[in-house]
Amino acid sequence: MNTQAKRWSGLNLQQCKEYLPEWLPLAVGLLAMYIPSFAGLFGGIWATEEQAHGPIILFLSLWLIWRNWPDMLERTRGSEPSALGWGVLAIALVLYVLGRSQHLLAFEIGSFIWMLAAVLLLKRGLRALKVLWFPFFFMLFMVPLPAQIVIMLTMPMKMAVSYVVEHLLFFAGYPIARTGVILQIGQYQLMVADACAGLQTLLSLEALGLFYLNVVRHTSALRNIALAILIIPISFSANVVRVIVLTLITYYFGDAAGQGFLHGFAGMVLFITALILILSADSLLQWIVKLRERRASGSQA
553 MNTQAKRWSG LNLQQCKEYL PEWLPLAVGL LAMYIPSFAG LFGGIWATEE
603 QAHGPIILFL SLWLIWRNWP DMLERTRGSE PSALGWGVLA IALVLYVLGR
653 SQHLLAFEIG SFIWMLAAVL LLKRGLRALK VLWFPFFFML FMVPLPAQIV
703 IMLTMPMKMA VSYVVEHLLF FAGYPIARTG VILQIGQYQL MVADACAGLQ
753 TLLSLEALGL FYLNVVRHTS ALRNIALAIL IIPISFSANV VRVIVLTLIT
803 YYFGDAAGQG FLHGFAGMVL FITALILILS ADSLLQWIVK LRERRASGSQ
853 A
């Protein structure tokens, strides 16, 4: 089985038996340490609409680690442990103790990333961290940001989304007006909430786009860079579509239907819209790259 196939299939049974004595005690220790933390998140902040992307980020990150684990083991065979791991371990322990004792979620969950990095450094050195750098970076999106930062950055984003929604629906002929982040359409008033256009929503869509980039792994640098840049306006556009759909449902079917949509299907519409836009942008970039290659080959001929 080649390296690429191993990365997609994960560890086979023989490899699991080979590496179990080395990694099982560490896995058990990490589970014992962090199960209470993640159990609290699943029953707390991750159960809210604003932070619902947290468990998705966690599971996708762990899947990425599992997917690249055979490649990491192969590349780090015979590698020496890195003394840098002890410093990273100390940071992880300090963050964990402060986070658990002072109820600082950013510290507590952030310590999980530092702890995993410390384990890799102490077992397989810097090369292992280079192989698995993206899952660790991706996990940063599940760390809750301080409330002050979220509030400071969310209001301008909500104002921008409200402004665009108002003008698009007004241009389409709907009786709509706006005061700040409150939209008045017909007899109904809707306030653009944090969950509809907040910083956490933007970050979750950014994470979705980066995950897509990591999985497809285009060989064209232009395609990767352009798509990474386009993720930001795509995320904003998906939020606009979400608010437009919510506003129109409220306008045609009443406030109860709009609230039901908000709690039942709004998140699904958001992510489906973002995924469609990402795939569309990627297809367009693919066409542009192929056109450039065709022109380059034609000029050389």
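Letter by letter, the sequence shown follows residues 553 to 853 of our numbering. Cβ coordinates follow ideal geometry from the N, Cα and C atoms, glycine included.
DSSP three-state assignment for residue i, whether helix, strand or coil
{"i": "Ala-809", "result": "helix"}
{"i": "Tyr-803", "result": "helix"}
{"i": "Ala-729", "result": "strand"}
{"i": "Gln-741", "result": "strand"}
{"i": "Gln-603", "result": "coil"}
{"i": "Leu-837", "result": "helix"}
{"i": "Leu-684", "result": "coil"}
{"i": "Leu-735", "result": "strand"}
{"i": "Arg-769", "result": "coil"}
{"i": "Leu-760", "result": "helix"}
{"i": "Val-695", "result": "coil"}
{"i": "Ser-634", "result": "coil"}
{"i": "Leu-829", "result": "helix"}
{"i": "His-719", "result": "helix"}
{"i": "Arg-619", "result": "helix"}
{"i": "Arg-629", "result": "coil"}
{"i": "Ala-644", "result": "helix"}
{"i": "Ala-724", "result": "coil"}
{"i": "Leu-656", "result": "coil"}
{"i": "Gly-651", "result": "helix"}
C-alpha distance - residue i paired with residue j, whole-angstrom precision
{"i": "Trp-545", "j": "Ala-848", "result": "No answer is possible for residue 545: it lies beyond the span of the chain, which begins at 553 and ends at 853."}
{"i": "Ala-642", "j": "Met-667", "result": "9 Å"}
{"i": "Phe-689", "j": "Ile-609", "result": "11 Å"}
{"i": "Gln-654", "j": "Ile-701", "result": "19 Å"}
{"i": "Leu-779", "j": "Leu-616", "result": "20 Å"}
{"i": "Ala-680", "j": "Gly-637", "result": "12 Å"}
{"i": "Lys-842", "j": "Arg-619", "result": "30 Å"}
{"i": "Asp-623", "j": "Gly-639", "result": "26 Å"}
{"i": "Ile-828", "j": "Met-694", "result": "23 Å"}
{"i": "Gly-596", "j": "Leu-650", "result": "19 Å"}
{"i": "Ile-587", "j": "Ala-773", "result": "40 Å"}
{"i": "Ala-584", "j": "Pro-727", "result": "57 Å"}
{"i": "Ile-796", "j": "Ile-840", "result": "31 Å"}
{"i": "Lys-558", "j": "Phe-763", "result": "With a pLDDT of 44 at Lys-558, under the threshold of 50, the modelled position of this residue cannot be trusted, and the question is left open."}
{"i": "Leu-765", "j": "Leu-578", "result": "31 Å"}
{"i": "Arg-874", "j": "Leu-822", "result": "Past the edges of the chain, shown from 553 to 853, lies residue 874, and the structure says nothing about it."}
{"i": "Ile-784", "j": "Val-792", "result": "13 Å"}
{"i": "Met-704", "j": "Phe-659", "result": "20 Å"}
{"i": "Ser-835", "j": "Ser-634", "result": "42 Å"}
{"i": "Arg-652", "j": "Phe-590", "result": "12 Å"}
Where residue i falls, given that 16 or more other Cβ within 10 Å makes a residue buried
{"i": "Thr-706", "result": "buried"}
{"i": "Met-743", "result": "exposed"}
{"i": "Tyr-804", "result": "exposed"}
{"i": "Pro-696", "result": "buried"}
{"i": "Ile-801", "result": "buried"}
{"i": "Arg-844", "result": "exposed"}
{"i": "Asn-554", "result": "Caution is warranted here: a pLDDT of 44 is assigned to Asn-554, below 50, making its placement in the model unreliable, and the coordinate value is therefore given only provisionally. Exposed."}
{"i": "Glu-574", "result": "exposed"}
{"i": "Ser-714", "result": "buried"}
{"i": "Thr-600", "result": "exposed"}
{"i": "Glu-626", "result": "exposed"}
{"i": "Ile-661", "result": "buried"}
{"i": "Ala-644", "result": "buried"}
{"i": "Arg-794", "result": "buried"}
{"i": "Val-855", "result": "The structure shown has nothing for residue 855, since the chain only spans 553 to 853."}
{"i": "Val-854", "result": "This structure gives no information on residue 854, because the portion of the chain shown stretches from 553 to 853."}
{"i": "Leu-672", "result": "buried"}
Proximity winner among the options, relative to residue i (alpha-carbon distances)
{"i": "Ser-613", "options": "Leu-692, Gln-811, Asp-834", "result": "Leu-692"}
{"i": "Leu-734", "options": "Ala-778, Met-624, Thr-799, Ile-828", "result": "Sequence inspection shows Ile at residue 734; the Leu mentioned does not correspond to that position. If we check each option's Cα against that of Ile-734, Thr-799 comes out closest."}
{"i": "Trp-621", "options": "Pro-687, Arg-769, Leu-822", "result": "Pro-687"}
{"i": "Gly-698", "options": "Gln-603, Val-649, Gly-761", "result": "Residue 698 is actually Pro in this sequence, not Gly. Measuring from the Cα of Pro-698, the nearest candidate turns out to be Gln-603."}
{"i": "Glu-718", "options": "Ser-835, Ile-737, Val-702, Ile-703", "result": "Ile-737"}
{"i": "Ser-631", "options": "Leu-721, Leu-678, Val-792", "result": "Leu-678"}
{"i": "Ala-808", "options": "Gln-741, Thr-825, Trp-839", "result": "Gln-741"}
{"i": "Thr-731", "options": "Leu-720, Met-711, Met-704", "result": "Met-711"}
{"i": "Asn-776", "options": "Gln-838, Ser-634, Leu-672", "result": "Gln-838"}
{"i": "Leu-720", "options": "Met-704, Ser-789, Ala-826", "result": "Ser-789"}
{"i": "Ser-756", "options": "Val-767, Val-768, Ile-786", "result": "Ile-786"}
{"i": "Glu-758", "options": "Ala-724, Ile-830, Phe-723, Arg-629", "result": "Ile-830"}
Contact check, residue i vs residue j, beta carbons under 8 Å
{"i": "Leu-782", "j": "Ala-729", "result": "no"}
{"i": "Leu-593", "j": "Gly-606", "result": "yes"}
{"i": "Met-709", "j": "Leu-657", "result": "no"}
{"i": "Leu-760", "j": "Ala-670", "result": "no"}
{"i": "Ser-663", "j": "Leu-674", "result": "no"}
CB contact below 8 Å: residue i versus chain B
{"i": "Ser-613", "result": "The structure shown contains no chain B, having only a single protein chain."}
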